[in-house]
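Number of protein chains: 2
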Amino acid sequence: MPATAPLAPDRFDVDTPALLVDLARLDRNIARMNTIAARLGVDLRPHVKTAKCTQIARRIVGGGTGPVTVSTLREAEYFVADGFRDLLYAVSIVPSKLARAAALVRAGASVQLIVDDVATASDIAVAAQREDVTFEVLIEIDADGHRAGLRPMDPRIVEIARGLEAASHLRFGGVMTHAGASYGCVGAEALRRHAELERSAVVQAAAQLRTAGFDCARVSVGSTPSMSFAEDLSGVTEARVGVYVFNDLVQSNLGVCTVNDIALSVLATVISHKRDTGRVIIDAGGLALSKDHGTAGQAIDYGYGQVCAIDGQPLADLRVVEVNQEHGLIAPRDASASAAMFAALPIGCRVRVLPNHACMTAAAYDTYQVDDGVALQRWPRCNGW
Amino acid sequence: MPATAPLAPDRFDVDTPALLVDLARLDRNIARMNTIAARLGVDLRPHVKTAKCTQIARRIVGGGTGPVTVSTLREAEYFVADGFRDLLYAVSIVPSKLARAAALVRAGASVQLIVDDVATASDIAVAAQREDVTFEVLIEIDADGHRAGLRPMDPRIVEIARGLEAASHLRFGGVMTHAGASYGCVGAEALRRHAELERSAVVQAAAQLRTAGFDCARVSVGSTPSMSFAEDLSGVTEARVGVYVFNDLVQSNLGVCTVNDIALSVLATVISHKRDTGRVIIDAGGLALSKDHGTAGQAIDYGYGQVCAIDGQPLADLRVVEVNQEHGLIAPRDASASAAMFAALPIGCRVRVLPNHACMTAAAYDTYQVDDGVALQRWPRCNGW
């Protein structure tokens, strides 16, 4: 713990809790992933569900109009309204959602959908025809049993592709997977193996389709941990990565980044000293930090967040150990450091808290306070459905 | 599990995920707490942090303009803009927040603040004078070591009251506590004892103050579990209860309500069948349900929510066992019930999910879909800070 009280530069003079972005770190994270993608020879289709912010998405895609990946139709609508034109909606589509997706195509966007079910693909074909709008559709592959999708050699993959190609308003576009179990990997070797598992799953599915006579133009993978550790992505055309723009404590535990690469933090104010229980209380609780405790089973359990001084320097011993709706309770890992904690964090001072899971924490805010080193800029984000 | 597929009444034809309120249950929950308060002889100062919605707050206070409790200044601003005039901001105040609070007083509201620190009370006195606005201030008492506040016999309580009374722009109003450890109680007897612990803590603090010559007009408690089980609130003047308006699975585990008293649910659509892993996937994930797993240590672990048919009937065996950002994975408690689950929940059908913690789940939405039994009304809610 530093001997001096945290700095309080004027540029952090905003109401708390607030969502801070360190612009230099953001840009560094973006550049690093661009380098990885170039080395591996794949295009990026960044998943903008993490930041849900046009200004950040533009920085990622170098000022263009896509390609991006979205997780909700509201995101899709937000990004299309702001000029993006090439979107993959990476959650299984159902017919009741097709009218909203069709409106985006009519507005000039290319919207790719995903399916993993024969009957649903057929229902989508009917709905697309009714909307008189054409969609490209990818088939979701399950690489690791994590979530949705068909196993790579499932014969229904070919059956779905056949149905898509036969439909008047659908076009079969390829295969995609999300190897979400990479988040559970421990160690670089396990992550390298998982990246290869992800690659081989979609490449195998693509081979099955090509053998059956289908062109399988897109072969898409997506997870920040597996992309960060992949050694070879032969046969893959694009990667949908999201959380790398901010990084977070879960990613740092995985070895994707260091704690000093985390570009997102919650600015909070110390509001109470609870000396008898050894807790410093801040005005960022379960809503401001999220209740995601994703580091619970990892190498370092950060509770609900790593506490930093206002200048971003981690106060290594201090974490948010408990949250109520609007209260965060900070304690030292070493209880004998309580006195130093109270001295370093007087009531009224400000701290920054690094999040376990950037996507979840950011979702509580409608605005980013973007720190360019001189002043804070306000960038909006899109939430909800 | 019912043999028939869930009903799909037209009135639930909204995009999913959506936040549903069962108006009949809401009104029943409000009436029940009013009866409890009347029996115990205390006023209610409902905590509107749960619903953050004018229409619901008005139903609670019988159409009046307060009194209410808020957890953020944005809530305070929202409710004052909608005509509420008597608010307690129940999170320790710090000087940097006083300007926003003062603006509310200038707008015609009475805003009560809370403190638990001698130096901070003194800083607040200076800030209030600078704003030239008068606040009533309560002293926070710690009943159970749960969060903030001073222990009931701490001599600093009198010292703070003295400072408040001496300040030109502050007025000492009384004492308040939140016995949040009631959420960890198991069984009715433990909850009754905890309610008495909460009562005796503030009453003891008030007695200390009166002995020292202070009028201690307000003696305020607040927690839905302790209020629901309290047998006697002698000496208490008001109760700040919040989550009872909706109730949730945590409250049902505590015995505060039954599952059929839960007025809040998330409407979701089944988007994928993952037969090999035994999961039905819905479009309500960690953002739509929240990552609050408050039932984890309770009698019944509901995962991330209890799954119900569209008519609200719990499908007792089914819960959301895992969440990603926009995916919720449903599984039966009894794995042999998988086939029945897939049959009951076809892709495209709708379900409702009861939340672990209503306050956290509701916070992801800007709108309630309020079901009055005939149609859905849209009621806005206020989020953020």
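Protein sequences, first through last, are from chains A and B.
First residue of the first sequence: 981, per our numbering; consecutive thereafter.
First residue of the second sequence: 981, per our numbering; consecutive thereafter.
No residue lacks a Cβ here, since even glycine has one placed at the ideal position from N, Cα and C.
(1) Strictly under 9 Å for the Cβ-Cβ distance: is M1008 (chain A) near chain B by that measure?
(2) Identify whether M1013 (chain B) lies in helix, strand or coil by the three-state DSSP scheme.
(3) Along chain B, in chain order, which residues have C-beta atoms closer than 9 Å to that of G1125 (chain A)?
(4) Secondary structure at D1124 (chain B), three-state DSSP: helix, strand or coil?
(5) One question on the structure: do G1154 (chain A) and A1197 (chain A) come within less than 9 Å of each other, judged by their Cβ atoms?
(6) For I1140 (chain A), count neighbouring Cβ atoms within 10 angstroms of its own Cβ and tell me buried if that reaches 16, exposed if not.
(7) Measure the Cβ-Cβ separation of A998 (chain A) and V1246 (chain A) and say whether it is below 9 Å.
(8) In chain order, what residues of the same chain have a beta carbon less than 7 Å from the beta carbon of N1233 (chain B), not counting five sequence neighbours either side?
(9) By how many angstroms is the C-alpha of Y1282 (chain A) removed from the C-alpha of A1311 (chain A)?
(10) Taking the Cβ atom as the reference point for each residue, do S1270 (chain A) and N1363 (chain A) lie within a distance shorter than 9 Å?
(11) Determine, for E1306 (chain B), whether the minimum Cβ-Cβ distance to residues of chain A falls below 9 Å.
(12) With a cut-off of 8 Å on the beta carbons, I'd call I1119 (chain A) and V1085 (chain A) a contact; round off their distance for me.
(13) Taking CB distances under 9 Å as the criterion, tell me whether G1160 (chain A) reaches chain B.
(14) When you compare each of A:F1059, A:L1020, A:V1333, A:N1014 to I1040 (chain A) by their alpha carbons, which one comes out closest?
(15) Residue ranges of each alpha helix (DSSP H) run of no fewer than 4 residues wholly in the region 1202-1280 of chain A, ordered along the chain?
(16) Report the residue from A:G1202, A:D1351, A:H1253, A:W1365 whose alpha carbon sits nearest the alpha carbon of M1321 (chain A).
(17) Figure out for me which residue from A:L1024, A:F1152, A:A1083 has the closest Cα to the Cα of E1111 (chain A).
(18) With respect to the alpha helix (DSSP H) encompassing A1186 (chain B), which residues constitute its N-terminal and C-terminal limits?
(19) Along the alpha helix (DSSP H) that carries D1103 (chain A), what are the first and last residues, could you check?
(20) Which residues, in order along the region 1083-1108 of chain A, keep a beta-carbon less than 8 Å from a beta-carbon of chain B?
(21) Applying a beta-carbon distance threshold of less than 7 Å, which residues of chain A neighbour L1234 (chain B)?
(22) Does N1363 (chain A) get closer than 9 Å to chain B when you measure Cβ to Cβ?
(23) According to DSSP, which residues form a beta bridge with C1196 (chain B)?
(24) Measuring straight from C-alpha to C-alpha, what distance separates P1026 (chain A) and T1204 (chain A)?
(25) Can you pull the chain B residues whose beta carbon is under 8 Å from the beta carbon of G1328 (chain A), in chain order?
(26) Nearest chain A C-beta to L1053 (chain B) closer than 9 Å, yes or no?
(27) Could you give the distance in angstroms between the alpha-carbon of R1332 (chain A) and the alpha-carbon of S1214 (chain B)?
(28) Verify the contact flag: V1113 (chain B), CB atom, against every heavy atom of the ligand ATP, threshold strictly below 8 Å.
(29) May I have the straight-line CA-CA distance separating M1207 (chain A) from Q1188 (chain A), to the nearest angstrom?
(30) Can you find a CB in chain B that lies within less than 9 Å of the CB of Y1058 (chain A)?
(31) So with Cβ pairs under 9 Å, would you call T1034 (chain B) a contact of chain A?
(32) In the DSSP output, what is W1359 (chain B) paired with across the bridge?
(33) Is DSSP giving G1364 (chain B) helix, strand or coil here?
(34) Suppose the cutoff is 6 Å on Cβ atoms and the five residues either side in sequence are ignored; what does the same chain contact list for Y1224 (chain A) look like?
(35) Out of B:T1191, B:L1325, B:Y1284, state which residue places its alpha-carbon closest to the alpha-carbon of V1230 (chain B).
(36) Identify the continuous beta strand (DSSP E) that holds C1288 (chain B) and give its terminal residues.
Let's see:
(1) In the sequence under discussion, the amino acid at residue 1008 (chain A) is Arg, which differs from the Met named in the question. Not one chain B Cβ lies under 9 Å of R1008 (chain A).
(2) helix
(3) K1254, D1256, T1257
(4) coil
(5) yes
(6) buried
(7) yes
(8) T1275, Q1278, A1279, I1280
(9) 11 Å
(10) no
(11) yes
(12) Rounded, the Cβ-Cβ distance is 20 Å, inconsistent with contact.
(13) yes
(14) A:N1014
(15) 1204-1209, 1229-1234, 1266-1269
(16) A:H1253
(17) A:A1083
(18) 1168-1191
(19) 1098-1111
(20) D1096, D1097, A1099, T1100, D1103
(21) Result: empty, since nearest Cβ-Cβ is about 16 Å, beyond 7 Å.
(22) yes
(23) Bridge partners of C1196 (chain B): none, in fact.
(24) 10 Å
(25) V1074, P1075, S1076, T1100, D1103
(26) yes
(27) 43 Å
(28) In the structure shown, the ligand ATP is absent, as is every other ligand, since no ligand is present at all.
(29) 24 Å
(30) no
(31) no
(32) B:Y1348
(33) coil
(34) N1009, M1013, T1204
(35) B:Y1284
(36) 1286-1288
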